[in-house]
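Before any comments, here is the structure.
In our numbering, the protein residues as written are 5 to 150.
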């Protein structure tokens, strides 16, 4: 099995050159989500999944490469659960996350970082409003309100 430092290196390499909506290196988001999972009491499988949570969705890592990676089946299942699929309704996406043990904590940390007011503040008004509503809607579907 890959160690967490090896998973981090894999994730950083997979997302090399990518930036977030604010133009920051994408690895900063991955680190923040992994730390968010850790601070919420997540285990090693969940922290590994946090590092890789956007890798398949962003085409940084193929599903085949993920399946072949020296990761626990639980880590792989969490990554696949939090990977959005083209044309998938938010309700189906949320249901898959809720049905996958360990995935909710990873998505909660992801949403928390995505909705961080400091991150959103650097975006233009319409984008900030759209994303704020999108993240609040997903939190509601996942039962993370409050």
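For every residue, glycine included, the Cβ atom is placed at its ideal position computed from N, Cα and C.
With which residues is residue i paired in a DSSP beta bridge?
{"i": "residue 23", "result": "29"}
Taking the alpha carbon of residue i as the point to measure from, which residue in the options has its own alpha carbon closest?
{"i": "residue 1", "options": "27, 137, 109", "result": "In the structure displayed, the chain extends from 5 to 150; residue 1 sits before or after that span and is not available."}
{"i": "residue 119", "options": "12, 56, 99, 26", "result": "26"}
{"i": "residue 7", "options": "22, 73, 62", "result": "73"}
{"i": "residue 53", "options": "23, 101, 91", "result": "101"}
To the nearest angstrom, report how far apart residue i and residue j are at their CA atoms.
{"i": "residue 47", "j": "residue 34", "result": "16 Å"}
{"i": "residue 1", "j": "residue 5", "result": "Beyond the ends of the chain as shown, which are 5 and 150, falls residue 1; an answer cannot be given."}
{"i": "residue 117", "j": "residue 31", "result": "13 Å"}
{"i": "residue 151", "j": "residue 49", "result": "Since the first residue of the chain shown is 5 and the last is 150, residue 151 is not available in this structure."}
{"i": "residue 21", "j": "residue 29", "result": "7 Å"}
{"i": "residue 13", "j": "residue 39", "result": "15 Å"}
{"i": "residue 132", "j": "residue 115", "result": "14 Å"}
{"i": "residue 125", "j": "residue 99", "result": "30 Å"}
{"i": "residue 96", "j": "residue 103", "result": "10 Å"}
{"i": "residue 61", "j": "residue 11", "result": "17 Å"}
Would you call residue i buried or exposed, if buried means 16 or more other Cβ atoms sit within 10 Å of its Cβ?
{"i": "residue 79", "result": "buried"}
{"i": "residue 85", "result": "buried"}
{"i": "residue 149", "result": "exposed"}
{"i": "residue 123", "result": "buried"}
{"i": "residue 15", "result": "buried"}
{"i": "residue 111", "result": "buried"}
{"i": "residue 59", "result": "buried"}
{"i": "residue 113", "result": "buried"}
{"i": "residue 23", "result": "exposed"}
{"i": "residue 83", "result": "buried"}
{"i": "residue 107", "result": "buried"}
Which whole-angstrom value is the C-beta distance of residue i and residue j, which I expect to be below 8 Å?
{"i": "residue 105", "j": "residue 145", "result": "About 18 Å; that fails the 8 Å criterion."}
{"i": "residue 37", "j": "residue 57", "result": "6 Å"}
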